[in-house]
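Protein chains: 2
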Amino acid sequence: MSLTYTEENYLKAILSLTLEAGKPDAGTNEIASQLNVKPATTNDMLKKLAEKKLISYKRYGKSSLSPSGKKIAIDIVRKHRLWETFLYKKLSFTWDEVHEVAEQLEHIQHSKLIDRLDEFLNFPQFDPHGDTIPTAAGVLKMSVKKTLDQEIIGHKCTMVGVKNNTAAFLQYVDKVGLSINHNLKIISHQAYYDSFEIEVTNKRINVSRKFAENIVIVCAACNKKADH
Amino acid sequence: MSLTYTEENYLKAILSLTLEAGKPDAGTNEIASQLNVKPATTNDMLKKLAEKKLISYKRYGKSSLSPSGKKIAIDIVRKHRLWETFLYKKLSFTWDEVHEVAEQLEHIQHSKLIDRLDEFLNFPQFDPHGDTIPTAAGVLKMSVKKTLDQEIIGHKCTMVGVKNNTAAFLQYVDKVGLSINHNLKIISHQAYYDSFEIEVTNKRINVSRKFAENIVIVCAACNKKADH
DNA sequence: TATTATAGTTAGACCAATCTAACAAATATA
DNA sequence: TATATTTGTTAGATTGGTCTAACTATAATA
């Protein structure tokens, strides 16, 4: 029983309005505006998805994903983020370009395709926007993103993005030996220079506060409490 | 003015029934059965495509692609074959699996995507089935395929496929240093052993007739006359 | 609590892609 | 050439996804 692209998009929209936004359910109008369609259209689709047991829906009430609907939605998010990672890492797309193409690629159906892609990309944990990639088993962890300057001394973390998207900055990031999904550790903060000493691939380097403020990271230790 | 998936599929079907089959035009029933739809459905679509100046169509007559329709169709073939090559080379899909997935991937729309993929794959000339990949400029050469044993002594050619798809044979092909899109040269035929001496990556090796009969190749020299 | 504003629903229409069933033209053949 | 077969067309229906316009609940607030 495979779904249409449109049905998949509704499930994905509900996921991002609930689980990702930390709310229990989503309203019809809210879903409609997320998908750029009219509420009437959404209403029809919600009834259809409820019929298929993919969501729970009551007249004049809010909607939420059923377990099977959630599984499917997370799967689409997994595809979306893996394709984004592919486009970014392998085809040199920029961070802002990847989303649009991934919106199409996420609907490609094939039993082996996405796990093969995952393997080819060496099982990345984060997409180019710093969002976590759900596992093949359907586990989606929420990541609390912060910038490098906000990290606790001694903690290990993973770079998941940048705030400054200029070519000059990206080149500098590259020169320092950093890239998406790369691990690093905060060694110390040097108060006099207001700079941070970090360890990247066993080398220690110093970076300015300004640099640190533009590097988005996720810290496993800090995330333990924030899981869903 | 972008086309629907369905419209693209009709154009592709007409291309394969005309240019690729070397005929001037295609009938309604023929197109219908190529696409697994009823003639009535095809008839409607032909009128619609004619309206858009993508094909020439006359009542009770045969149809053929207009220049702009042909351009689009070749573009889809390019996408299809590049995606097949990607799946085969990078994601370890087998030759028989790639088609089905490429049928979906060929409809992904993005101005830069396909040229980036082409570059990432190092501008391959042939897909995993040994068919030529149209260039970015929209040039589609027809390739005349033969097996290695049929090639003329002294000629340089490119391996584009195998006849025998067993794991054992594919492993042997790999061991010999051959793979899709790899160049080779026929040095001699040794009558006594009925074996062929070939040059692969500057190394000379001997292969049996049985082996040669299972290697599909394309020869640039032999193809000069066969171009469209 | 009565009124207003917001959110959600229904009915009726449209378009794209498909179908079936009935028909018409072109072609093959007896 | 008359007839049969193949090929192509038309009309009318269906399904999925969308819309607008009119309507009804629910929630907010004066």
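Line by line, the protein sequences are chains A and B.
The first sequence lines up with residues 5 to 232 when you count with this note's numbering.
The second sequence lines up with residues 5 to 232 when you count with this note's numbering.
Glycine is no exception: its CB is placed at the ideal position from the N, C-alpha and C atoms.
With respect to B/Thr139, B/Arg82 sits close: the two C-beta atoms are nearer than 9 Å. Of all C-beta pairs linking the segment 88-96 of chain A to the segment 141-150 of chain A, fewer than three are shorter than 8 Å, placing the two stretches out of contact. Taking 9 Å as the threshold, the shortest C-beta distance from A/Phe127 to chain B does not fall below it. Within the segment 98-126 of chain B, the residues whose Cβ lies closer than 9 Å to some Cβ of chain A are Glu101, Glu104, Val105, Gln108, Leu109, His111, Ile112, Gln113, His114, Lys116, Leu117, Arg120, Leu121, Glu123, Phe124, listed in chain order.
Interface with chain A (9 Å Cβ-Cβ cutoff): B/Leu7 is excluded. For the segment 73-99 of chain A, the residues whose beta carbon sits under 9 Å from a beta carbon of chain B are, in order, Leu91, Lys94, Leu95, Ser96, Phe97. Between the C-alpha atoms of A/His103 and A/Asp131 there is a straight-line separation of about 10 Å.
Here A/His84 carries a helix assignment [DSSP, helix/strand/coil].
The three-state secondary structure of A/Ser72, taken from DSSP, is helix. For B/Met163, the enclosing beta strand (DSSP E) starts and ends at 160-166. The Cβ atoms of A/Thr32 and A/Leu50 sit closer than 9 Å to each other. Residue B/Thr136 holds the alpha-carbon nearest to the alpha-carbon of B/Asn227 among B/Asn185, B/Leu39, B/Ile112, B/Thr136. When beta bridges are read from the DSSP output, B/Leu188 appears opposite B/Cys161, B/Val204. Sequence-distant Cβ neighbours of B/Arg213 in its own chain, meaning closer than 6 Å and more than five residues away, are Asp153, Asp198.
The distance from the Cβ of B/Ile59 to that of A/Gln108 is about 26 Å, inconsistent with a contact at the 8 Å cut-off. Exclusion of the five residues before and after A/Tyr9 leaves His111 as the residues of its chain whose Cβ lies within less than 8 Å of its Cβ.
In chain order, Ile190, Ser192, His193 place their CB closer than 7 Å to the CB of A/Ile157, counting only its own chain and leaving out the 5 sequence neighbours on each side.
If you look at B/Ile219, you'll find it in the beta strand (DSSP E) that goes 219-222. Short of 6 Å from the beta carbon of B/Asn210, and not among the five residues preceding or following it, lie these beta carbons of its own chain, in chain order: Ser199, Glu201. In the DSSP assignment, A/Lys149 falls within the beta strand (DSSP E) that extends over 149-151. Here DSSP, grouped into helix, strand and coil, assigns A/Ala30 to strand.
The secondary-structure analysis by DSSP pairs A/Val102 with nothing; it has no beta-bridge partner. In the three-state DSSP reduction, B/Asn210 falls in the strand class (E or B). Sequence-distant Cβ neighbours of A/Cys161 in its own chain, meaning closer than 7 Å and more than five residues away, are Glu155, Leu188, Ile221, Val222, Cys223. Going by DSSP, B/Ile118 is part of the alpha helix (DSSP H) stretching over 117-124.
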